[in-house]
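Going by full-length UniProt numbering, the first residue of the sequence shown is number 1, and it counts up by one from there.
Just so you know, even glycine gets a beta-carbon here, dropped at the ideal spot from N, CA and C.
Notes for the one structure printed next.
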Amino acid sequence: MVKLSLKEIAQHLTAELIGDPEVLITGLSGITEAKKGDITFLAHRKYQDQLASCLASAVIVGPEVEAEGINLLRVENPRFAFARLMVLAFPPKPEVPGVQPGAYVAPTAQVHPSASVYTGAHVLEGAKIGARTAVYPGCHVGEGVAIGEDCLIYANVTLARETVVGDRVVINSGTVVGSEGFGYERDGDRHFKIPQVGNVIIEDDVEIGALCAIDRGSIKSTILGKGTKLDNLVHIAHNCQLGPNNLVLSQAGIAGSVQTGQNVYFAGQTGCMDHVKIVDRTQIGGRAVVVSDIKEPGLYFGYPARPQAEWQKASVTFYKTPEMSKRIAELERQLAELKEKLAE
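Here's what the structure looks like:
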């Protein structure tokens, strides 16, 4: 990492420095692992007792935290400040511009002189790769694909034909963008394959994890909105239109033609049925399944997904089912005895 003084760090973070500005920071660590020379952060005031045993040379804290005998940098959001510091302390390794030996670039493809195409990558006819973008070994860039500036396309990524990738997009290894959508029409006892002739559009500042699959549209485009982030092992089916700044966590599956607003959150292992519309600022809790439109923002759980308060009430009832079953059985027994007495 780049060695930095506390003065430099405070200036970069616009932080209030309480302590020695000349202290040199040589490492970044979690608060329980930190040692002399490290800087760490206190995520929340409720963990303040950890400062007493912290060996770090400095701690990034919130505005209300007090501590004796340790250098502090006060900011509004310690976790965010620490993330910004990581970017400063660990600058990315410079790429090697140009087409490296062993890469294939079709004669009609356009690669910006500052872009990097590494050994084993294939760039097919009509593709365009923008300035300072890196395409790593084993990548397939299909016909007519357009990749913007400052993108990172990691090893063994497939960008199928006519995929459009914006600026500052990151796609991690093993992901397939533009695979054929799962479209079939029943013909008697056969399944007739519907041609998938659309494409995928990935807007600016999108990040996609490893081993994801984003299907191209059947006729129109599958779209990932600006700033959206996908975890590893996510499937986005054909014709979906995800709005800006969505978060989709690992093992989520979103069926075809789903439309989401901005800042929609899908927790791990969530599902969403096809043709569903979800409004802005909706959160889908872990393993929930959305089966119909969500028209009010909020937190949803369960199958089918329902508002949190409703789900909690239903869950309480569900877990009381064994007890209720016993009580019903007892009531039935008493009723049977009463009927016998009345019949005498």
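Beta-carbon to beta-carbon, Asn239 and Cys212 are separated by about 17 Å, too far to satisfy the 8 Å threshold. Taking His12 as the centre and dropping the five residues before and after it, the same chain places the C-beta of Leu88 closer than 6 Å to its C-beta, in chain order. In the DSSP annotation of this structure, His12 is not part of any beta strand (DSSP E); the continuous alpha helix (DSSP H) holding it starts and ends at 6-13. For Leu73, the enclosing beta strand (DSSP E) covers residues 71-74. Sequence-distant Cβ neighbours of Asn199 in its own chain, meaning closer than 7 Å and more than five residues away, are Glu162, Thr163, Val164, Gly178, Arg216, Gly217, Ser221. DSSP places Asp215 within a strand segment (E or B) once states are collapsed to three.
Going by DSSP, Tyr47 is part of no alpha helix (DSSP H) at all; its letter is neither H nor E. Leaving aside the five residues that flank Glu143 on each side, the residues in its chain whose CB is nearer than 6 Å to its CB run, in chain order, Leu124, Glu125, Gly126, Arg161. If you check the CB distance, Tyr184 and Ile194 come in under 8 Å. Per DSSP, Leu299 is not a residue of any alpha helix (DSSP H); the beta strand (DSSP E) it occupies stretches across 298-301. In terms of Cβ geometry, Ser116 and Ala131 do not form a close pair [threshold 8 Å].
DSSP assignment within the stretch 143-231 yields no whole alpha helix (DSSP H) run of 4 residues or more. Put simply, the backbone Cα of Cys139 is about 35 Å away from that of Arg186. By the CB criterion at 8 Å, Glu203 and Lys226 fall inside the cutoff.
Phe80: member of the alpha helix (DSSP H) spanning 78-89, first to last residue.
When DSSP reads this structure, Cys272 sits in a beta bridge with Ile254, Val290. DSSP, read as helix, strand or coil, puts Ile129 in strand. Assignment of Ala58 by DSSP, reduced to helix, strand and coil, places it in the strand class. The residues Leu6, Lys7, in chain order, have a CB closer than 6 Å to that of Pro21 in the same chain once the five nearest residues on each side in sequence are set aside.
Residue environment: Arg327 is assigned as exposed (fewer than 16 neighbouring CB atoms within 10 Å of its CB, all protein chains considered). Between Thr260 and Leu249, the C-beta spacing is not below 8 Å. Sequence-distant Cβ neighbours of Phe192 in its own chain, meaning closer than 8 Å and more than five residues away, are Tyr184, Glu185, Arg186. In the three-state DSSP reduction, Thr321 falls in the helix class (H, G or I). Val316 sits exposed, since fewer than 16 C-beta atoms from the chains shown fall within 10 Å of its C-beta. Around the CB of Gly209, 16 or more other CB atoms lie within 10 Å, so the residue is classed as buried. Here DSSP, grouped into helix, strand and coil, assigns Val316 to helix.
Non-local C-beta neighbours of Gln196 in its own chain, meaning closer than 8 Å and more than five positions away in sequence, comprise Glu180, Gly181, Gly183, Asp215, Arg216, Gly217, Ser218, His238, ordered along the chain. The beta carbons of Phe82 and Phe41 sit closer together than 8 Å.
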